[in-house]
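Read the structure below first, then the notes.
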Amino acid sequence: MATVVDGPDLLTGGKEDLSPEAVVVRFAGDSGDGMQLTGGQFTLSTALAGNDLATFPDFPAEIRAPQGTLFGVSAFQINFGSAAIDTAGDQPDVLVAMNPAALKTNVGALKAGGLIIADAGEFNKRNLEKAKYDVNPLEDGSLENWQLLAFDISAMTLQAVKPFGLGNKEALRCKNMWTLGLALWMFDRDRQPLIDWLNAKFAKSPVLAQANIAALNAGHAYGETAELVGPLKQYHIAPAESAPGLYRTVTGAEAISLGLVAGAQLAELPMFFGGYPITPASAILHNLTKLKEFSVTTFQAEDEIAAIASAIGASFAGHLGVTSSSGPGIALKGEAMGLAIMTELPLIIINSQRGGPSTGLPTKTEQSDLYQAIYGRNGDAPMPVIAARSASDCFEVAIEACRIAVEYMTPVIVLTDGYIANAAEPWKVPDPASFKPFPAKFLTEKNGPDGELLPLARDEKGARPWIKPGTPGLMHRIGGIEKNPGTGNIDYSPASHQTMTDARKAKVDGVAASIPAQAVELGETSGKLVVVGWGSTYGPIHQAVRRARRKGQDVAQIHVRHVWPMPLNLGELLKGYDKVLVPEMNTGQFKTVLRDQFLVDAQPLNKTSGQPFTIAEIEAAIDEALA
Amino acid sequence: MNDMTPIAKVQTTLKDWETDQEVRWCPGCGDYAILKAVQRTLPEIGADPSNTVFVSGIGCSSRFPYYIESYGFHTIHGRAPAFATGVKLANPDLDVWIVTGDGDGMSIGGNHTMHILRRNVNVQILLFNNEIYGLTKGQFSPTSREGTNSPTSPLGSVDHPASPCAFALGSGARFIARAYDVSKNLSSVLKASHAHKGAAFVEIFQNCIVYNKDRFDDFVAKGVADQNQLWVEDGQPMLFGSEKSGGIKGITLDMESLSLKVVDVVDGDWQAAGVIVHNAKNRAIAHMLVEMPFGPFPMALGVIYDDPRPTYEGVLLDQDAESRVGKEANLAKLLAKGQTWTVAGTAADPI
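Which chain is which? The protein sequence lines are A and B, in order. The first sequence: position 492 = 529 (the working numbering), numbered continuously. The second sequence: position 31 = 48 (the working numbering), numbered continuously.
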């Protein structure tokens with residue numbers, strides 16, 4: 038994490054650099070073309086080659102949108118290089134377009150002078166019409182700002198897999214492997230891990246494995262041959278300088294799942310996960326269902342409410358209850374969250390945010406559930422909220438959520454988003470022993486001064502005791518109706534509600550005492566401008582502030598993990614800067630929270646297109662703020 | 018395996034199950050009688066207060082857990098079955114009772130009632146049916162009869178009522194019973210529900226003294242009870258009435274219409290009258306009994322259906338346990354799973 042990466046000058050004509058620092062490649066095709074799989078495998082081979090990387094899978098909400106249509110295009114972008122990579126890249130250097138619709142919807146993003154690799158075989162009359170092209174763009178000169186390499190990938194794939202006697206449809210499915218073979222050649226990648234993967238994947242039908250391998254090899258061979266004549270060149274991207282250790286790739290959904298398992302182990306608790314399928318959160322339920330040996334019980338409930346209710350029931354019975362969803366499902370869970378606050382039971386609620394309101398953009402990313410997380414319940418219902426900045430950061434954030442939930446007997450919300458959940462990045466495998474355990478304690482004997490049971494007695498943190506049903510002699514009742522601060526019996530007298538409201542607030546406010554002071558990511562602790570972010574905007578903000586500082590601009594970066602309650606020093610820290618800029622993928626929610634909490638003149642930079650910020654957008658805002 | 022976990026029987030008395038809480042139901046409410054019946058039954062089945070959990074939703078009936086000296090969880094409206102499912106999956110050895118009402122269990126929480134029944138989680142579900150919304154002051158409920166006058170239906174309700182037992186059976190329940198608040202048989206019905214392994218559904222007609230007073234008098238009032246209550250019992254003929262109250266009657270199956278029919282029993286010869294013997298494992302008969310229109314027929318009460326199958330938590334947790342066999346919970350290994358690569362160390366920073 039040392040060198041600043043600017044957009045590389047790959048293939049931009051003029052001086053040609055065959056060893057650029059970083060490259061952005063976008064694979065785009067029909068939903069059925071296997072672009073996500075192609076991208077995933079390319080990511081893996083890139084990681085194995087030792088490059089740092091970031092990815093951005095971007096796919097439609099429909100499972101199999103009608104073939105060839107503009108709305109059915111599925112894309113996968115990867116930025117990889119020999120220096121630190123924090124974003125999936127602003128503009129691709131290379132666009133692989135498997136059909137006219139993929140070209141049309143993606144070519145606008147391609148860097149001037151970038152390379153288009155197009156499957157000419159798919160640019161037929163029918164597909165051109167579906168993509169609303171009057172004239173074939175491969176032939177009318179409309180792509181002259183870029184370098185174009187168009188050839189019939191379909192035909193070449195069919196030829197390559199001919200010996201295996203597949204039907205036409207099955208044979209064409211190997212197209213993505215042909216394309217991947219070419220990409221692997223372009224960036225000088227080893228084919229063997231992929232061949233191993235194909236053999237394992239198609240272990241039951243070796244013919245398919247052989248056909249796909251043949252397609253892969255054919256694509257690779259095409260590169261070698263074409264280099265002699267066309268614009269195609271082979272590039273060498275040196276491995277990134279990383280700290281020594283064992284690495285793997287990880288997505289946000291995987292890292293959250295692993296972090297929850299680690300958190301439950303550190304709390305010495307079995308975990309109960311109640312979930313209901315929803316995009317983009319389902320992957321967490323899928324992952325945890327395969328980890329039963331870690332004392333994990335998973336339950337696919339009948340709806341979002343039952344999912345959280347079962348998790349609260351399990352927490353009552355002494356498990357670490359976890360539930361997960363996305364905006365619409367989180368809205369349904371609101372009442373039950375209030376009950377978890379009222380009964381003071383530990384619970385983790387993960388929100389993989391997507392574009393809203395209502396159904397909104399199921400497969401696109403947004404950060405617009407921040408208000409919902411901090412404020413979105415009836416009554417004064419305080420709850421800690423923490424946010425992950427990247428796929429790998431999800432691991433530590435999940436552990437932190439478990440710690441707060443167990444130590445403070447409170448539900449905790451974890452915010453990630455669709456971008457983090459699906460994106461992959463290299464991850465230095467952590468040593469579980471490096472995390473401090475926070476074992477849960479259960480009450481086993483009556484705790485009152487006169488030998489009575491006081492279910493709502495508080496410890497120094499303001500937490501009540503956790504009392505498992507089944508414990509001899511500690512029978513008691515909990516519930517959502519207001520209780521007496523000591524005995525826990527129903528008591529909605531004025532004094533009781535005042536005391537209990539204050540106690541619930543003080544407990545959650547007190548969490549701030551257990552979190553690290555806010556650090557400054559880049560730059561000084563005071564100055565002309567600070568860019569403050571939370572969640573998945575970390576990457577583009579980090580790169581934009583780096584570039585600005587390299588230009589000599591007086592700008593710093595602060596990135597907040599604990600968005601509620603916030604670090605105790607944050608208010609003072611912000612007051613040390615003349616200006617505060619808050620980029621967010623919403624209409625300015627964290628900006629409002631900062632203004633409210635610290636009376637600072639935070640200025641918003643908002644984007645709600647369902648796409649992450651580009652570095653350039655944030656750079657421009659920095660320029661404007663300092664102008 | 019989890020079904021077989023024996024729960025130790027404990028000696029208690031009715032007093033052991035009373036809390037120090039002031040009971041806050043209206044004087045004369047049917048809930049008092051149900052509370053006493055439950056408190057009387059728990060010692061008889063050897064229940065252990067430390068191992069017993071009462072879970073409820075919202076409504077008059079859902080205050081029940083506060084009055085039972087066991088573990089209790091007063092949750093949110095309609096969702097008690099989902100909380101209870103989490104409790105049972107976390108600790109299948111706990112003895113869990115759900116207390117709900119016609120609003121809580123059939124209206125806002127109908128979905129969860131359906132799913133806990135079809136999954137067959139081993140709990141007892143007591144649905145107090147008073148055919149009215151009590152705690153919100155008297156609006157019609159999903160079981161209110163057509164034409165019910167209420168603050169939200171001053172011209173009489175037009176909704177067709179739901180039948181809780183028919184709903185439960187349709188949801189796949191393996192135990193269906195019916196009783197009413199002041200019935201002397203309530204305790205034996207509760208015992209049977211507890212003895213059943215799996216989700217046991219008990220509808221208890223309950224008198225709301227304030228908003229729906231004496232709604233069930235056409236079959237619970239003295240004088241008419243005898244002729245209007247059919248208490249079914251496994252292996253016994255379906256007989257009701259008495260010589261004193263106008264003759265002994267029975268239920269027979271009309272083979273032509275494939276429906277139930279009331280017949281007179283002369284000189285106690287029910288076989289001659291074709292009266293059928295109740296088989297609690299016969300699902301078709303159970304359907305007919307819970308759908309029997311009251312008026313032409315008596316109200317079917319008692320254990321209508323009782324045919325256990327493996328419980329949800331038993332099968333699920335056994336499957337989980339099986340999947341753990343031979344696997345090691347090694348977190349370090351899990352984190353390092355998949356395709357990995359090593360960045361070599363230097364002399365200054367070796368790995």
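Glycine is no exception: its CB is placed at the ideal position from the N, C-alpha and C atoms.
Taking DSSP as the reference, what is the three-state secondary structure of residue i?
i, result
"A/Lys-199", "helix"
"B/Val-140", "coil"
"B/Tyr-88", "strand"
"B/Gly-312", "coil"
"B/Leu-247", "strand"
"B/Ala-349", "helix"
"A/Arg-414", "coil"
"B/Phe-184", "helix"
"A/Phe-93", "strand"
"A/Pro-448", "strand"
"B/Glu-339", "helix"
"A/Thr-106", "coil"
"A/Leu-47", "Model confidence at A/Leu-47 stands at a pLDDT of 41, short of 50, so the residue's coordinates are unreliable; what they give is reported in the following sentence. Here A/Leu-47 sits in coil by DSSP."
"A/Arg-226", "coil"
"B/Asp-271", "strand"
"B/Tyr-197", "strand"
"B/Phe-81", "helix"
"A/Pro-641", "strand"
"A/Gly-260", "helix"
For residue i, which residues in chain B fall below 8 angstroms Cβ to Cβ?
i, result
"A/Glu-433", "Going along chain B, no residue has its Cβ under 8 angstroms from A/Glu-433, so there is no contact; the nearest lies around 12 angstroms."
"A/Ser-30", "This structure cannot settle anything about residue 30 of chain A, because the visible part of chain A is limited to 38 through 664."
What does residue i touch in chain B if you count any residue whose Cβ is under 7 angstroms from its own?
i, result
"A/Leu-283", "Ala-353, Thr-357 and Thr-359"
"A/Arg-514", "Pro-82, Tyr-83, Gly-89 and His-91"
Could you give the first and the last residue of the continuous beta strand (DSSP E) run that contains residue i?
i, result
"B/Met-316", "316-323"
"A/Arg-285", "282-288"
"A/Lys-465", "461-465"
"B/Val-280", "276-281"
"A/Lys-542", "Where A/Lys-542 is concerned, there is no enclosing beta strand (DSSP E), although the alpha helix (DSSP H) it sits in stretches over 531-547."
"A/Gln-594", "592-597"
"A/Phe-64", "59-67"
Give me whichever residues DSSP pairs with residue i in a beta bridge.
i, result
"A/Glu-433", "DSSP, once it has assigned bridges, lists no residue as partnering A/Glu-433."
"A/Met-135", "Note: A/Met-135 sits in no beta bridge, so no partner."
"A/Met-668", "Given that chain A is displayed from residue 38 to residue 664, the structure contains no residue 668 of chain A and the question cannot be resolved."
"A/Ala-155", "A/Ala-134 and A/Ala-187"
Alpha carbon to alpha carbon, how far is residue j from residue i? Give it in angstroms, no decimals.
i, j, result
"B/Pro-98", "B/Val-219", "14 angstroms"
"A/Asn-521", "A/Val-545", "19 angstroms"
"B/Arg-326", "A/Ala-338", "21 angstroms"
"A/Val-557", "B/Gly-74", "48 angstroms"
"A/Gly-50", "A/Ala-59", "Caution is warranted here: a pLDDT of 39 is assigned to A/Gly-50, below 50, making its placement in the model unreliable, and the coordinate value is therefore given only provisionally. Spanning the two alpha carbons is a distance of roughly 17 angstroms."
"A/Asn-623", "A/Arg-632", "16 angstroms"
"A/Ala-155", "A/Ala-435", "42 angstroms"
"A/Asn-606", "A/Ala-354", "38 angstroms"
"A/Gly-105", "A/Ala-134", "12 angstroms"
"B/Gly-118", "A/Leu-306", "35 angstroms"
"A/Val-569", "A/Ile-595", "5 angstroms"
"B/Ala-346", "A/Ser-294", "15 angstroms"
"A/Asn-164", "A/Asn-136", "7 angstroms"
"A/Ala-320", "A/Ala-428", "13 angstroms"
List, in order along the chain, the chain A residues whose C-beta lies closer than 9 angstroms to that of residue i?
i, result
"B/Pro-254", "Within 9 angstroms Cβ-Cβ: nothing; B/Pro-254 doesn't reach chain A, min ~40 angstroms."
"B/Gln-38", "Arg-514, Asn-526 and Ile-527"
Between which two residues does the alpha helix (DSSP H) carrying residue i extend?
i, result
"A/Tyr-614", "It is not in any alpha helix (DSSP H) - A/Tyr-614 instead sits in the beta strand (DSSP E) that spans 614-621."
"B/Leu-52", "47-61"
"A/Trp-215", "212-223"
"B/Val-206", "203-212"
Under 9 angstroms between beta-carbons, which chain B residues line up against residue i? List them in chain order, please.
i, result
"A/Phe-336", "Thr-102, Gly-103, Leu-106 and Leu-333"
Below 7 angstroms on C-beta distance, what does residue i contact in chain A?
i, result
"B/Asn-68", "Gly-507"
Applying a beta-carbon distance threshold of less than 8 angstroms, which residues of chain A neighbour residue i?
i, result
"B/Asp-271", "Within chain A, no residue comes near B/Asp-271; the closest Cβ sits about 39 angstroms away, beyond 8 angstroms."
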